[in-house]
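Q:
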Amino acid sequence: MYRLAVVGATGLVGSKMLEVLDRKNIPFSELTLFSSKKSAGTEVVFKGQTYIVRELTAAAAAEPFDYILMSAGGGTSLKFSPLFEQSGATVIDNSSAFRMEEDIDLIVPEVNRPQSSRTIIANPNCSTIQSVVPLKPLADRFGLERVSYTTYQAVSGSGIAGRNDLANGEKGIAPTNYPHPIYNNALPHIDVFQDDGYTKEEQKMVDETKKILQLPELKVTATCVRVPVQDSHSVAINVTLSTPATVEEIRDVLAAAPGVVVVDDVKNNAYPMAIHSTDRDEVFVGRIRSDESLPNTFHIWCTADNLLKGAALNAVQILEQLHTIRSESHV
Ligand code: 2RA
25 MYRLAVVGAT GLVGSKMLEV LDRKNIPFSE LTLFSSKKSA GTEVVFKGQT
75 YIVRELTAAA AAEPFDYILM SAGGGTSLKF SPLFEQSGAT VIDNSSAFRM
125 EEDIDLIVPE VNRPQSSRTI IANPNCSTIQ SVVPLKPLAD RFGLERVSYT
175 TYQAVSGSGI AGRNDLANGE KGIAPTNYPH PIYNNALPHI DVFQDDGYTK
225 EEQKMVDETK KILQLPELKV TATCVRVPVQ DSHSVAINVT LSTPATVEEI
275 RDVLAAAPGV VVVDDVKNNA YPMAIHSTDR DEVFVGRIRS DESLPNTFHI
325 WCTADNLLKG AALNAVQILE QLHTIRSESH V
């Protein structure tokens, strides 16, 4: 039985982690909830028991835990994840703090498994997670040459502040989390701009896709857009394959892929939409069609709940994966 802690338990993703844990059968004997000083003392009910959220301190990080689900931002993770690791815990970190560290695993359980001896494991960016789930079976079957992403990302990707800006925008109240109104608008600006004109969100999708798929030579580009949708990110994926394929073959490969639901019947207006994927665990794919402008290139549209598969569910699935690996090693 594990001693488990959730850091950031009162945030959007942290509370989703508890929702997912509540429906999973991960054996833990103790659960500790941590937050910043501001939220310490909050009462959280989990499986009928009331927990008092504790402030995360260096002393607390030295206590004996087996697993830490961390969703408290990059600064908190940089400060505390190494302390938890030094105390013998395995940290599954939802921030971008460690994702591109060479010796840190970046995991989507349908796609890859932990290999490193480090016990900080990084949860990828939400829009990357939902994209590599369908790309992995296509890479295995046909090989990948190039991927171009355009994302349409929900405001809950910015947390409670994003949701508030959408709701307040409808009342004409200026946004606090975005540089421009998000209500009745689309912002081609997620995270900060780099000197090359890409945003950090776009750079994350480029770098993380290559690392997770273990394809360092893969050509990847991205345009990431915030849209006035509460939950679920949508991603238009334009993919060039290494070997010839038909739309039917691609659809069949995706239909058999773990964690994927194909919704692709345009004659009946059937295709993935954010309203389908919100509160669901799977990645929904559709609008599969050939891109006639380039050889062996195809369009795929996918949606997924950015708080579930894009964050909390994927993190808990990594914990399940580690539990399975641990159980198998004790057989
Ligand atoms: C966003 N992917 O959507 C980023 C972080 N969650 O804002």
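Count along the sequence shown from 1, add 24, and you get the number used in this note's numbering. Heads up, the beta-carbon is just placed ideally off N, CA and C, and yes, glycines get one too.
1) Mapping the DSSP letters down to three states, classify residue 284 as helix, strand or coil.
2) Please name the residue, chosen from 100, 197, 146 and 318, that lies closest to residue 380 on a Cα-to-Cα basis.
3) What runs of the alpha helix (DSSP H), each 4 residues or longer, lie entirely inside the segment 179-256?
4) In angstroms, rounded to a whole number, what distance separates the CA positions of residue 235 and residue 44?
5) Does at least one heavy atom of the ligand 2RA sit under 7 Å from the Cβ of residue 153?
6) Can you tell me where the alpha helix (DSSP H) with residue 272 in it begins and where it stops?
7) Less than 7 Å between the CB of residue 214 and some heavy atom of the ligand 2RA, yes or no?
8) Count the other C-beta atoms from every protein chain shown that fall within 10 angstroms of the C-beta of residue 175, then say buried if there are 16 or more, exposed otherwise.
9) Can you give me the start and stop residues for the alpha helix (DSSP H) that residue 310 sits inside?
10) Return yes when the C-beta of residue 177 is under 7 Å from any heavy atom of the ligand 2RA, and no when it is not.
11) For residue 102, which residues in the same chain have their Cβ closer than 6 Å to its Cβ, ignoring the five residues on either side in sequence?
12) Thinking C-alpha only, which one of 287, 137, 200 and 332 is nearest residue 347?
13) Taking a contact to mean a Cβ-Cβ separation below 8 Å, would you say residue 171 touches residue 244 in this structure?
14) Could you compute how far the alpha carbon of residue 210 sits from the alpha carbon of residue 169?
15) Report the option in 264, 351, 228 and 311 whose CA atom is closest to the CA atom of residue 153.
16) Would you call the CB atoms of residue 325 and residue 260 closer than 8 Å?
17) By alpha-carbon positions, which one of 322, 194 and 298 ends up nearest to residue 334?
18) Are there 16 or more other CB atoms within 10 angstroms of the CB of residue 25, so buried, or fewer, so exposed?
19) Under 7 Å: does the beta carbon of residue 181 sit that close to some heavy atom of the ligand 2RA?
20) Restricting to Cα atoms, I'd like to know which of 78, 220, 354 and 339 is closest to residue 134.
21) What did DSSP end up calling residue 57 once you bin it into helix, strand or coil?
22) My guess is that residue 189 and residue 201 are in contact by the Cβ rule of under 8 Å, so how many angstroms apart are they, rounded?
23) How many angstroms separate the CA atom of residue 148 from the CA atom of residue 130?
24) Residues in its own chain within less than 7 Å of residue 329 by CB, not counting five upstream and five downstream?
25) Output the distance between the C-alpha atoms of residue 191 and residue 183, rounded to the nearest integer angstrom.
26) How is residue 165 classed by DSSP in three states: helix, strand or coil?
27) Among 53, 68, 51 and 54, which residue has its Cα nearest to the Cα of residue 40?
28) Where residue 109 and residue 345 are concerned, what is the direct C-alpha to C-alpha distance, given to the nearest angstrom?
29) Can you list the alpha helix (DSSP H) stretches of 4 or more residues lying completely in the segment 65-91, in chain order?
30) Please work out which residues of its chain come closer than 8 Å, Cβ to Cβ, to residue 61, disregarding the five sequence neighbours upstream and downstream, and give them in chain order.
A: So, from the data block:
1) strand
2) The structure shown does not extend to residue 380, since the chain is modelled only from 25 to 355, so the question has no answer here.
3) 184-193 and 224-237
4) 26 Å
5) no
6) 271-279
7) yes
8) buried
9) Per DSSP, residue 310 belongs to no alpha helix (DSSP H); it is in the beta strand (DSSP E), 307-314.
10) yes
11) 121
12) 137
13) yes
14) 30 Å
15) 228
16) yes
17) 298
18) exposed
19) yes
20) 339
21) strand
22) 5 Å
23) 6 Å
24) 255, 256, 301, 302, 303 and 304
25) 13 Å
26) helix
27) 68
28) 18 Å
29) 82-85
30) 79
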